[in-house]
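Data block below; observations after.
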Amino acid sequence: MLGKATLLEAIAGKNRGLLATEQDKQAILVAIANLEDLNPTPRPVEAGDLLDGNWRLLYTTSKALLNLDRFPLSKLGEIYQCIRVNTNSVYNIAEIYGLPLLESLVSVAAKFEPVSGRRVQVKFERSIVGLQRLIDYNSPDSFIQRIEAGQKFTALDFPLNSNEQQGWLDITYLDSELRIGRGNEGSVFVLTKA
18 MLGKATLLEA IAGKNRGLLA TEQDKQAILV AIANLEDLNP TPRPVEAGDL LDGNWRLLYT
78 TSKALLNLDR FPLSKLGEIY QCIRVNTNSV YNIAEIYGLP LLESLVSVAA KFEPVSGRRV
138 QVKFERSIVG LQRLIDYNSP DSFIQRIEAG QKFTALDFPL NSNEQQGWLD ITYLDSELRI
198 GRGNEGSVFV LTKA
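Going by our numbering, the first residue of the sequence shown is number 18, and it counts up by one from there.
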């Protein structure tokens, strides 16, 4: 699909948005809007088979995520958003790399509730921040299994007040390999199936 190729070309080499100039950002937003017009899934929230799974972030305008790259002596690794439709759960996982043995992880667990065919309300429930080796982190899947089993981690592991920590996300494009979302803070997210 031409629109998808145009978007992927526009975000290539931008390190999820960290290296995007203002001109790049404008071109990327145009490519995103053009692709959203071609959305093959008119009610993405109801397409659980497409939505479910692990998604890797390709591009975002979210300052909260991009600022994770500003830790001293560290670099932002992969960022995942893992959706478990059967439990209405979403797990955001950011891998942070730096000095040997100090690789870190920033994760937030949330529940989502469909509001319309393309919007979900998200309530953040738990935050886990720590060293990957102390958490024994290997992959998003094994980490999520341990969260769902109720495991406590050797990390900053604390509940969030879901009444205060919430927002919404519109899924504006969804196919078997690409998802675009727009959040309540004006951020845009482009993700690929991991």
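Glycine included, every Cβ here is placed at the ideal spot set by N, Cα and C.
Around the beta carbon of V47, a 10 Å sphere encloses fewer than 16 other beta carbons of the protein chains shown; the residue is thus reported as exposed. With a contact defined as Cβ atoms closer than 8 angstroms, V137 and V62 qualify at about 6 angstroms. Between the C-alpha atoms of T23 and G34 there is a straight-line separation of about 16 angstroms.
In the same chain as Y154, and ignoring 5 residues on each side of it, the C-beta atoms closer than 6 angstroms to its own belong to L122 and F160, in chain order. Under the three-state reduction of DSSP, S193 is assigned to coil, being neither helix nor strand. In the same chain as Y114, and ignoring 5 residues on each side of it, the C-beta atoms closer than 6 angstroms to its own belong to K92, G94 and E120, in chain order.
Take the alpha-carbon of T38 and the one of G30: they are about 12 angstroms apart. When secondary structure is reduced to three states using DSSP, L122 falls in the strand class. With a 10 Å radius around the Cβ and a threshold of 16 neighbouring Cβ atoms, E112 comes out buried. For R163, the enclosing alpha helix (DSSP H) has its first and last residue at P157 to E165. Pairing A81 with G200, the inter-Cα distance amounts to about 12 angstroms.
Looking at the DSSP output, Y97 shares a beta bridge with R73 and I110. DSSP, read as helix, strand or coil, puts A127 in strand. DSSP places K21 within a helical segment (H, G or I) once states are collapsed to three.
Here the alpha carbon of P59 sits roughly 46 angstroms from the alpha carbon of P117. For D174, the enclosing beta strand (DSSP E) covers residues L173 to P176.
Exposure of Q168 is indicated by the presence of fewer than 16 other C-beta atoms within 10 angstroms of its C-beta.
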